[in-house]
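*Asks:* If you scroll down you'll find the structure; I have some questions about it.
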Amino acid sequence: MSTEKNRYSDAELEEFKELILSKLKEARDDYNLLIGSLSHTDDHGTDDTGRTFNMMEDGSETLSREEVAQLAARQEKFIQNLQAALIRIENKTYGICRVNGTLIPKERLRLVPHATMSIAAKNAQR
Numbered sequence: 005m006s007t008e009k010n011r012y013s014d015a016e017l018e019e020f021k022e023l024i025l026s027k028l029k030e031a032r033d034d035y036n037l038l039i040g041s042l043s044h045t046d047d048h049g050t051d052d053t054g055r056t057f058n059m060m061e062d063g064s065e066t067l068s069r070e071e072v073a074q075l076a077a078r079q080e081k082f083i084q085n086l087q088a089a090l091i092r093i094e095n096k097t098y099g100i101c102r103v104n105g106t107l108i109p110k111e112r113l114r115l116v117p118h119a120t121m122s123i124a125a126k127n128a129q130r
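Each residue of the sequence shown is one higher than the one before, starting from 5 at the first, in our numbering.
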């Protein structure tokens, strides 16, 4: 009989759940800051005081807003991936490589808690 584990224990899953919930809170806070920056809710009404019209400045501001929008979109995807990881924890499928069915090492999951593939599977994908 094989002694190799095919899934993480409930206690281990609970540990990962706490880690993910912590990362999810941070990610949501960051996302809200980015969205606030985009919608100018954090300007305190001083955005247009003392400015003269300057096309270079306007172009720079547009580029900056585009970068913030990209960061917000990336952060939103990260939040979705963390939420999907929580669902996998509830289903007790968390930490199982979706390519080869082996357990993803704990060290990888601690660094990338939303990982769905082992390093070997990820490298083979390239």
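Using N, Cα and C, we set each Cβ at its ideal position, and we do this for glycine too. All values derive from a computational prediction rather than experimental measurement.
Which residues in the same chain have their Cβ closer than 7 Å to the Cβ of Leu113, if we skip the five residues on either side of it in sequence?
*Replies:* Phe20, Gly99 and Ala119
*Asks:* If you count every other CB in all the chains shown that lies within 10 Å of the CB of Ala15, and 16 or more means buried, which is it?
*Replies:* exposed
*Asks:* Report the three-state DSSP secondary structure of Ile100 (helix, strand or coil).
*Replies:* strand
*Asks:* Under the rule that 16 or more other beta-carbon atoms within 10 Å means buried, what is Leu115, buried or exposed?
*Replies:* exposed
*Asks:* Given this structure, state the Cα-to-Cα distance separating Asn95 from Ala88, to the nearest angstrom.
*Replies:* 11 Å
*Asks:* Can you check which of these residues, Ala31, Lys29, Ile24 and Ser68, is closest to Ser43 by C-alpha distance?
*Replies:* Ser68
*Asks:* Based on the DSSP output, what are the partners of Leu107 in its beta bridges?
*Replies:* Answer is Ile100.
*Asks:* Buried or exposed: Gly54, going by 16 or more other Cβ atoms within 10 Å of its Cβ?
*Replies:* Any reading at Gly54 must be qualified, since the residue scores a pLDDT of 48, below 50, and its modelled position is unreliable; the value itself is stated next. Exposed, because fewer than 16 other Cβ atoms sit within 10 Å of the Cβ of Gly54.
*Asks:* Determine the DSSP secondary structure at Tyr12, reduced to helix, strand or coil.
*Replies:* coil
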